[in-house]
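So the protein sequences, as listed, match chains A, B, C and D. Going by this note's numbering, the first sequence opens with residue 3, and the numbers climb by one from there. Going by this note's numbering, the second sequence opens with residue 3, and the numbers climb by one from there. Going by this note's numbering, the third sequence opens with residue 3, and the numbers climb by one from there. Going by this note's numbering, the fourth sequence opens with residue 3, and the numbers climb by one from there. Notes to accompany the following structure.
There are 4 protein chains.
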Amino acid sequence: MINRVVLVGRLTKDPELRYTANGIAVTSFTLAVNRPFSNQQGNREADFINCVVWRKQAENVANYLKKGSQAGVDGRMQTRSYENQEGRRIFVTEVVAESVQFLEPKNASGGGGFGSQESYGNPSPSPNPYEPANDGFQRNQGQAPGSGGQKGQTDLSDDPFASDGKPIDISDDDLPF
Amino acid sequence: MINRVVLVGRLTKDPELRYTANGIAVTSFTLAVNRPFSNQQGNREADFINCVVWRKQAENVANYLKKGSQAGVDGRMQTRSYENQEGRRIFVTEVVAESVQFLEPKNASGGGGFGSQESYGNPSPSPNPYEPANDGFQRNQGQAPGSGGQKGQTDLSDDPFASDGKPIDISDDDLPF
Amino acid sequence: MINRVVLVGRLTKDPELRYTANGIAVTSFTLAVNRPFSNQQGNREADFINCVVWRKQAENVANYLKKGSQAGVDGRMQTRSYENQEGRRIFVTEVVAESVQFLEPKNASGGGGFGSQESYGNPSPSPNPYEPANDGFQRNQGQAPGSGGQKGQTDLSDDPFASDGKPIDISDDDLPF
Amino acid sequence: MINRVVLVGRLTKDPELRYTANGIAVTSFTLAVNRPFSNQQGNREADFINCVVWRKQAENVANYLKKGSQAGVDGRMQTRSYENQEGRRIFVTEVVAESVQFLEPKNASGGGGFGSQESYGNPSPSPNPYEPANDGFQRNQGQAPGSGGQKGQTDLSDDPFASDGKPIDISDDDLPF
DNA sequence: TTTT
DNA sequence: TTTT
Chain A
3 MINRVVLVGR LTKDPELRYT ANGIAVTSFT LAVNRPFSNQ QGNREADFIN
53 CVVWRKQAEN VANYLKKGSQ AGVDGRMQTR SYENQEGRRI FVTEVVAESV
103 QFLEPKNASG GGGFGSQESY GNPSPSPNPY EPANDGFQRN QGQAPGSGGQ
153 KGQTDLSDDP FASDGKPIDI SDDDLPF
Chain B
3 MINRVVLVGR LTKDPELRYT ANGIAVTSFT LAVNRPFSNQ QGNREADFIN
53 CVVWRKQAEN VANYLKKGSQ AGVDGRMQTR SYENQEGRRI FVTEVVAESV
103 QFLEPKNASG GGGFGSQESY GNPSPSPNPY EPANDGFQRN QGQAPGSGGQ
153 KGQTDLSDDP FASDGKPIDI SDDDLPF
Chain C
3 MINRVVLVGR LTKDPELRYT ANGIAVTSFT LAVNRPFSNQ QGNREADFIN
53 CVVWRKQAEN VANYLKKGSQ AGVDGRMQTR SYENQEGRRI FVTEVVAESV
103 QFLEPKNASG GGGFGSQESY GNPSPSPNPY EPANDGFQRN QGQAPGSGGQ
153 KGQTDLSDDP FASDGKPIDI SDDDLPF
Chain D
3 MINRVVLVGR LTKDPELRYT ANGIAVTSFT LAVNRPFSNQ QGNREADFIN
53 CVVWRKQAEN VANYLKKGSQ AGVDGRMQTR SYENQEGRRI FVTEVVAESV
103 QFLEPKNASG GGGFGSQESY GNPSPSPNPY EPANDGFQRN QGQAPGSGGQ
153 KGQTDLSDDP FASDGKPIDI SDDDLPF
């Protein structure tokens, strides 16, 4: 059934790249999308929309976008639920990006050599937009994810998992492809 | 900034129509949107996306759609947060529908005389898509909401507020228009 | 760059299925999409939007949709140009559908056994939405297109090319995949 | 019925602002939207999509965007037809923008003081997206269109109609509001 | 008739 | 807490 979302906004923080147990890259980020009108108090508000991207695009986003970057997302809405630590079921709504467009100008952010290109995971894009996007991810334990060292990565944290103490609860069996 | 969502799915339950303290109609409903592919286990899953509509369209939706109805939504994603009873801040992501299209055939559901028309709130549509959609609504205490008695309403509960024991926590001061 | 279209409307005519020289199916159809408001004269107008679909979906559309069928399209806008018979360059804007959703009810149109399922061309959907959609197509000369005989096809013309006298001017070399 | 388009691209030329006989502003421009993949010959192609905006947004676009500017459009597809000089009926497909987002960085284009804000025509946006967008427009003969002299306008032609020799064939009777 |  |  039809499920389509298009957003343009700015990243509220640096994106977070992780890998599933099988080395599939997944990046999550939040887009702040300003509302076109001000509220009763005269302030412009924003919506903060959680997004995930998979595979090659995940690495592109992690490498080329950072807090404050302007980006466009074309994807689908996804809902899922999980049990939190108190045993409560938490419902989550987020956007699974099928493509992410970098909208920063070429000469932005000091000198990075990246432009306004779009990020696609592979020659046939949008394989399956319904990849699981569970809360916890496999911590990448040393295996080479196959993407390191792209230009632009240096302005991200060296270890994208440094702040990630979450338990392992995703395996590639969850991936529908 | 760009924030656009289009969905086609089926209502998981009868829509819920409420009124703000000032008599502004707001209807909430959840769309089940089937995913185009099956998961690892071979099952087709769905996303369950919460939607709200305001004003005239709210009444149309409440009058003409019910559990299982197929509908299209064109709107925007909205996030908000509230404190729950345990003092926890809960984040909510939902779709504010600017228009809702009824996709049931004319002769559907037995004998309702409604067709495949689209629901718009007013001649100039989509006034402000960022209307508040807080969790609790004013219980309508007897004032005429200005729309009752449209054909088709009979197949809905006579008192749309009967099951609504939520506290009053929205006033028209919150409405940005 | 972002290029996204979502439409719901009704086919103005039976869809036209053709095949490229290499046997790739392509179906074209026009969606009438009613405008939400009436014009100065009080009439509801419609937009008539040309759409194309490729491969498996092309065959599904040809098999299961016909004049008057309600359908949803998720795709991209595409422009192209060609020389007409007077040597004039004609510019064309159309929608390349990545997915087509059938919105007719199960029991519609007399008894056809088709439902409200979505049509996708292959397990990894939407390979390349920028397939050429030139005006003339290869007339299928006897090779098996690989899809005949699906249920529902009987209510379409036996020979989908019978009325097609257009010259051959597309080859698979034009296909970017 | 659902009819939604979202585009991000670059203006192929300076936008063209005109006025109807009643002084309603309308701006037309073409967006070049790059395709995400290269064609058979290895080149990246683009789609060239004609867009129109009305009223206040028309003036904003004319004042703040120019050839090469990056912009996002959220709107609807519209078709219309007209007789050309040879008496042939020409069919036109274009996008009626309900909102236009300026995606150029704040410090772009030398020194213009405009940022990445979105252009809306009025506090209640998107009154009627189905405004006529005929080929020829009334040449504004001296009446003040009510918007001149906004900052940024200096980098546009002083007389937006200088190159416009088209006959008058639109009147406000055509405007559905 | 096309943009970076 | 989920629809056909």
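Quick reminder that beta carbons are idealized off the backbone N, C-alpha and C, glycines included.
Against Asn36(D), what residues of chain C qualify as contacts under a CB-to-CB distance less than 7 Å, listed in chain order? Met3
Sorted by chain position, which residues of the same chain lie with C-beta nearer than 6 Å to Phe31(A)'s C-beta, five sequence neighbours on each side aside? Leu13, Pro17, Cys53
Which same chain residues, not among the five before or five after Ser83(D), have their C-beta less than 8 Å away from its C-beta? Arg91, Ile92, Phe93, Val94
Do Val10(D) and Gly74(D) have their beta-carbon atoms positioned less than 8 Å apart in this structure? yes
Run through the DSSP bridge pairs and tell me what Arg57(A) is partnered with. Paired residues: none, contrary to the question.
Please decide whether Leu13(C) counts as near chain B, where near means a Cβ-Cβ distance under 8 Å. no
So, under 8 Å CB-CB, Asp49(C) and Asn5(D) are touching, yes? Tell me the CB distance rounded to an integer number of Å. 7 Å
At a CB-CB cut-off below 8 Å, which residues of chain C make contact with Arg1(A)? Beyond the ends of chain A as shown, which are 3 and 179, falls residue 1(A); an answer cannot be given.
Let's test the definition: count the other Cβ atoms within 10 Å of the Cβ of Asn62(D) and tell me whether it reaches 16, buried, or not, exposed. buried
Using Cβ-Cβ distances below 7 Å, what residues of the region 76-108 of chain B are close to chain D? Asp76, Gln103
Mind listing the chain C neighbours of Phe50(D)? Cutoff is C-beta to C-beta under 7 Å, in chain order. Thr81
Applying the criterion that 16 or more other CB atoms from any shown protein chain within 10 Å of the CB defines a buried residue, is Lys68(D) buried or exposed? buried
Candidates Val98(D), Gln87(D), Glu88(D): which alpha carbon is nearest Lys80(D)'s? Rather than Lys, the amino acid found at residue 80(D) in this sequence is Gln. Taking only the C-alpha atoms, the option nearest Gln80(D) is Val98(D).
Between Leu105(A) and Leu105(D), which are expected to be in contact by the criterion C-beta below 8 Å, what is the C-beta distance as a whole number of angstroms? 5 Å
How would you write the range of the beta strand (DSSP E) that Asn86(C) sits in, first residue to last? Note, Asn86(C): premise wrong, no beta strand (DSSP E); not H, not E.
Other residues of its chain near Gly70(A): CB distance less than 6 Å, five sequence neighbours each side excluded: Arg12
Inter-residue spacing [alpha-carbon to alpha-carbon] between Gly25(A) and Glu47(D): 33 Å
Cβ neighbour criterion (16 or more within 10 Å) applied to Asn45(B): exposed
Using the C-alpha atoms, what's the distance from Val7(B) back to Arg78(B)? 5 Å
Pop quiz: Val55(D) and Thr22(D) are said to be a contact at Cβ under 8 Å. What is the actual Cβ separation, rounded to whole angstroms? Contact doesn't hold; Cβ gap of about 13 Å is too wide.
Which residue's Cα is closest to the Cα of Lys15(A): Asn41(A), Ile51(A), Ser40(A), Gln43(A)? Ile51(A)
Asn41(B), DSSP secondary structure in three states: coil
Tell me the DSSP bridge mates of Asn36(A)? Ala48(A)
With distances taken between CB atoms, is the gap from Ser40(A) to Pro38(D) smaller than 8 Å? no
Tell me Gly74(D)'s beta-bridge partners as DSSP assigns them. Val10(D), Gln103(D)
What's the call for Gln103(C), buried or exposed, on a 16-neighbour Cβ count within 10 Å? buried
N-terminal and C-terminal residue of the beta strand (DSSP E) that Leu19(D) is part of: 18-21
State buried or exposed for Asn65(D), treating a residue as buried only when at least 16 other CB atoms are found within 10 Å of its CB. buried
Suppose the cutoff is 7 Å on Cβ atoms and the five residues either side in sequence are ignored; what does the same chain contact list for Glu85(D) look like? Arg91
Roughly how many angstroms separate the alpha carbons of Glu96(D) and Gln72(D), rounded to a whole number? 18 Å
Closer than 7 Å by C-beta to Gln42(B): which residues in its own chain qualify, once you throw out the five before and the five after it? Chain order, please. none
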